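Down below is the structure, laid out as structure tokens.
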């Protein structure tokens with residue numbers, strides 16, 4: 001069937017390209033071109049179609065049993081080449097003015113359609129070497145297949161780890177990568193309270209009698225590049241300094257009265273003074289009983305005061 005038709009017997013549609021066993025016969029002549037007629041039976045009913053060739057109009061004529069489905073259009077409306085008009089070609093060859101007018105129209109159309117023609121030529125040139133195009137597409141397909149396989153394995157392992165076997169994971173985007181890098185970068189960042197606690201620990205771990213710059217580097221920021229042994233030594237040193245500071249603070253929590261008043265007691269033994277022996281037959285003043293030491297002269301029981309007194313005694317001995 002050369003085009004779509006409607007059967008007049010059963011009113012069904014018969015599409016273009018349907019094959020029939022038709023009866024062909026010659027029914028006339030158009031100049032030197034013979035006219036042929038085809039008779040065929042509908043495959044859906046008992047109706048017969050009769051179709052005749054029309055060389056004058058380059059078409060087919062429906063004679064009996066069917067009607068044409070009107071899907072015809074003007075080829076010039078969609079920028080296609082229509083049927084050749086022999087009279088138009090003869091007029092172009094005979095009339096110079098008519099030819100001049102149509103040459104201007106042809107040039108204008110060529111200028112407007114130049115980009116479209118170049119694009120069509122580029123498409124044809126791209127598909128000219130079908131072997132290279134096929135090889136390129138197959139290589140792309142293999143790379144994509146490998147990437148999908150790796151992504152499927154990675155997603156499967158992640159699902160097993162998180163126990164989300166029925167959840168479909170979307171492919172990662174640039175925003176996901178940026179957020180993941182930020183979370184990884186600031187994982188060890190301490191809050192304000194943590195920073196205050198770390199600063200308080202550094203102050204407590206600092207030696208009371210140490211140098212001003214003798215500060216243990218136990219924080220996460222200062223020990224980032226240190227080895228494990230160095231960090232362990234710094235931690236042990238900080239704990240030892242804390243214990244020493246706690247011991248001194250417990251002793252200095254109850255200061256004595258003499259230490260508060262700044263009174264220092266000098267021991268006579270440390271000054272090198274010896275009592276001179278007096279003979280028994282020499283009469284002298286009656287012995288005076290020594291009174292018990294007062295509260296002000298009581299030896300201090302504070303270790304800090306003892307350290308201060310010993311420091312003062314040593315200075316006095318050097319003077320004598």
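Numbering (UniProt numbering), first residue to last: 1 to 320.
Here a beta-carbon is modelled for each residue, glycine too, at the ideal position from N, C-alpha and C.
The structure presented is a predicted model; accordingly, all values stated were derived computationally and were not measured.
- Its chain contains 50 as the residues whose beta carbon lies nearer than 6 Å to that of residue 64, once the 5 sequence neighbours on both sides are disregarded; these appear in chain order.
- A check of alpha carbon separations from residue 2 across 11, 18, 8 and 12 identifies 18 as the nearest.
- Annotated three-state conformation of residue 169 is coil, per DSSP.
- Note on geometry: alpha-carbon atoms of residue 178 and residue 138 lie some 33 Å from one another.
- Residues 204 and 205 of the same chain have their beta carbon placed closer than 6 Å to that of residue 242, with the five preceding and five following residues left out of the count.
- When the Cα atoms are used, residue 90 and residue 107 turn out to be separated by approximately 20 Å.
- The way I'd put it, the stretch 100-114 doesn't touch the stretch 34-50; fewer than three beta-carbon pairs between them come closer than 8 Å.
- Taking 8 Å as the upper bound for CB-CB distance, residue 8 and residue 67 are in contact here, some 6 Å apart.
- Proximity to residue 198 across 238, 167, 86 and 73 peaks at 238, based on C-alpha coordinates.
- Assignment of residue 77 by DSSP, reduced to helix, strand and coil, places it in the helix class.
- Secondary structure in the stretch 46-75: no alpha helix (DSSP H) run of 4 residues or longer lies completely within the stretch.
- Taken atom to atom, the span from the alpha-carbon of residue 33 to that of residue 69 is near 27 Å.
- Secondary structure of residue 164 (DSSP, three-state): coil.
- A Cβ-Cβ distance of about 25 Å is found for the pair residue 39 and residue 31, leaving them out of contact under the 8 Å criterion.
- Distance from residue 4 to residue 71 at the Cβ level is roughly 6 Å; contact confirmed, criterion being Cβ atoms closer than 8 Å.
- Rounded to whole angstroms, the Cβ separation of residue 24 and residue 35 is 11 Å, and the two are not in contact under 8 Å.
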